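A.B. asks:
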């Protein structure tokens, strides 16, 4: 994987770049639709390509490990061949999912023992086994196995957790050095910076990660309940240390406002389930604010839903989408998901254009307040 830094905003740390993988280029800043089990919920790949204009999607190691399982994925030739997505894919390590299984997992120095949420069967993830699993899945960008501590962890717990994450990272790197990609193309490991909301731990973690010289780096453990201003402060602490010539990925974030604030602070890559999850629950994101399509105010509104200017090929009205949600039609969730994903990709594309023009900060200031309005 290669990363070419192209433009920087004169008034902030915002920047543009191009990530080149064996499955294609990714223009940053970028939003990555979440395809947990190898699919983005409710959206066909053709819609992702042509309407959403997705350049890269995510897969989840925990879920893909459990179903369809490694045997099927390996027989298919990896996730790209299995699901037919020919563009880049990123997989997380499954750490966040495993550690969220409160009551059915056991953490140790070796790894994490857990029970499947599907059938209760017992499994163990170690740094070595997760690297082997991500080799089988075959994503272009793979994440290191880490512990994602609760957002309100005590300093003592956060420090202990960070030490474990750092030791696990060393084991991940060693395991990758012992193995090779399985399908004839390269894979790049991104370490993850943890440390909760403690500046000294975040600084220590960022320095530890930066010294590894990885192709890119991730920031984890944010947007998990802490105030947004604290999240932005932690991003600044970390990005002041992470190398500028490597892409920075903020995991699991977030709202349109969060994304613009993080871009301003030097983040390049984002993912979040919000566009599809909120879409399935009748919320549309637009430049004018958010819209609950179940509200009666849309019942006789025959204007098109793409009021934000997204050039997606969905010709429908607010009244019709309101009707579909009220009627419980699956098409409502599909339309809303496509719309929201297209908006998120449009948002980062517009950010890129304004960084190139040199007026990102002014543009961001002009749109950020209305993004959070409820229409």
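Numbering (the working numbering), first residue to last: 11 to 385.
Where a beta carbon is used, it is the ideal one built from N, C-alpha and C, also for glycine.
Please read these numbers as outputs of a predicted model, since none were measured by experiment.
(1) Going by beta carbon distance, what residues of the same chain come within less than 8 Å of residue 189, once the five residues before and after it are set aside?
(2) If you run the structure through DSSP and keep just helix, strand and coil, what is residue 124?
(3) Leaving out five residues on either side along the sequence, give the residues of the same chain with a beta carbon under 7 Å from the beta carbon of residue 355.
(4) Suppose the cutoff is 6 Å on Cβ atoms and the five residues either side in sequence are ignored; what does the same chain contact list for residue 235 look like?
(5) Which residue comes first and which comes last in the beta strand (DSSP E) that contains residue 19?
(6) Counting only runs of 3+ residues fully inside the stretch 280-367, write out the beta strand (DSSP E) ranges in chain order.
(7) Assuming residue 66 contacts residue 36 under a Cβ cut-off of 8 Å, what Cβ separation, rounded to an integer in Å, is found between them?
(8) Comparing C-alpha positions only, which one of 94, 224, 216, 172 sits nearest to residue 183?
(9) To which residues of the same chain is residue 104 closer than 7 Å at the C-beta, ignoring the five residues directly before and after it?
(10) Going by the beta-carbon positions, is the gap between residue 389 and residue 230 smaller than 7 Å?
(11) So is residue 148 buried or exposed if we call it buried at 16+ other beta carbons inside 10 Å?
(12) Straight-line CA distance for residue 273 to residue 262?
(13) Assign residue 285 to one of two classes, buried (16 or more other C-beta atoms within 10 Å of its C-beta) or exposed (fewer than that).
(14) Which word fits residue 334, buried or exposed, when buried means at least 16 other C-beta atoms lie within 10 angstroms of its C-beta?
(15) With burial defined as no fewer than 16 other Cβ atoms inside 10 Å of the residue's Cβ, what is the status of residue 202: buried or exposed?
(16) Using only the alpha-carbon positions, how far apart do residue 15 and residue 25 sit?
(17) In the structure shown, what three-state DSSP assignment does residue 209 receive?
(18) Determine the closest residue to residue 353 out of 276, 298, 51, 185, with distance taken between C-alpha atoms.
(19) Please classify residue 127: is it buried, with 16 or more other beta-carbons within 10 angstroms of its beta-carbon, or exposed?
(20) Once you ignore the five residues that flank residue 373 on each side, which residues in its own chain have a CB closer than 6 Å to its CB?
(21) Residues in the same chain with beta-carbon distance under 6 Å from residue 179, minus the five sequence neighbours each way, listed in chain order, please.
(22) Given residue 294, which residues of its chain have a CB within under 7 Å of its CB, disregarding the five upstream and five downstream residues?
(23) Count the other CB atoms, across all protein chains shown, that sit within 10 Å of the CB of residue 54; report buried if there are 16 or more and exposed otherwise.
(24) Kindly give me the distance between the Cβ atoms of residue 80 and residue 45, rounded to whole angstroms, as I take these residues to be in contact under 8 Å.
(25) Can you check whether the CB of residue 227 is closer than 7 Å to the CB of residue 256?
(26) Based on DSSP bridge pairs, tell me the residues matched to residue 26.
(27) Compare the beta carbon distance of residue 165 and residue 195 with 7 Å and say whether it is the shorter of the two.
(28) Compare the Cα-Cα distances from residue 171 to each of 121, 114, 378 and report the closest residue.
C.D. replies: With the given structure in hand:
(1) Cβ neighbours of residue 189 within its own chain (closer than 8 Å, five residues either side excluded): 141, 142, 145.
(2) Strand.
(3) Excluding residues up to 5 positions away in sequence, 41, 62, 63, 64 lie with their Cβ nearer than 7 Å to the Cβ of residue 355 in the same chain.
(4) The beta carbon of residue 235 is closer than 6 Å to those of 161 in its chain, skipping five residues each way along the sequence.
(5) According to the DSSP assignment, residue 19 belongs to no beta strand (DSSP E), since it is labelled neither H nor E.
(6) As far as the stretch 280-367 is concerned, its whole beta strand (DSSP E) runs of at least 3 residues are 293-296, 299-302.
(7) Correct: roughly 5 Å between the Cβ atoms.
(8) That would be 224, whose Cα lies nearest to the Cα of residue 183.
(9) Excluding sequence neighbours, residue 104 sits near 70, 71, 72, 75, 135, 140.
(10) Residue 389 is absent from the model: the chain starts at 11 and stops at 385.
(11) Counting other Cβ atoms within 10 Å of its Cβ, residue 148 reaches 16 or more and is therefore classed as buried.
(12) In this structure, the alpha-carbon of residue 273 lies about 14 Å from that of residue 262.
(13) Per the 10 Å Cβ criterion, buried.
(14) With 16 or more Cβ atoms within 10 Å of its Cβ, residue 334 is classed as buried.
(15) Residue burial annotation: residue 202 is buried, with at least 16 other C-beta atoms found within 10 angstroms of its C-beta.
(16) Each residue's alpha carbon lies about 7 Å from the other.
(17) It is helical.
(18) Of 276, 298, 51, 185, the smallest CA-CA separation from residue 353 is found for 298.
(19) Burial call: exposed.
(20) Cβ within range, chain order: 364.
(21) Contacts found: 154, 201.
(22) Counting only Cβ-Cβ distances below 7 Å, and skipping sequence neighbours, we find 300, 301, 303, 315, 346, 349, 350.
(23) Exposed, by the Cβ-count rule.
(24) The Cβ separation is near 18 Å, so there is no contact.
(25) Contact flag set, yes.
(26) Beta-bridge pairing links residue 26 to 17.
(27) No.
(28) Comparing Cα-Cα distances from residue 171 to each of 121, 114, 378, the minimum goes to 121.
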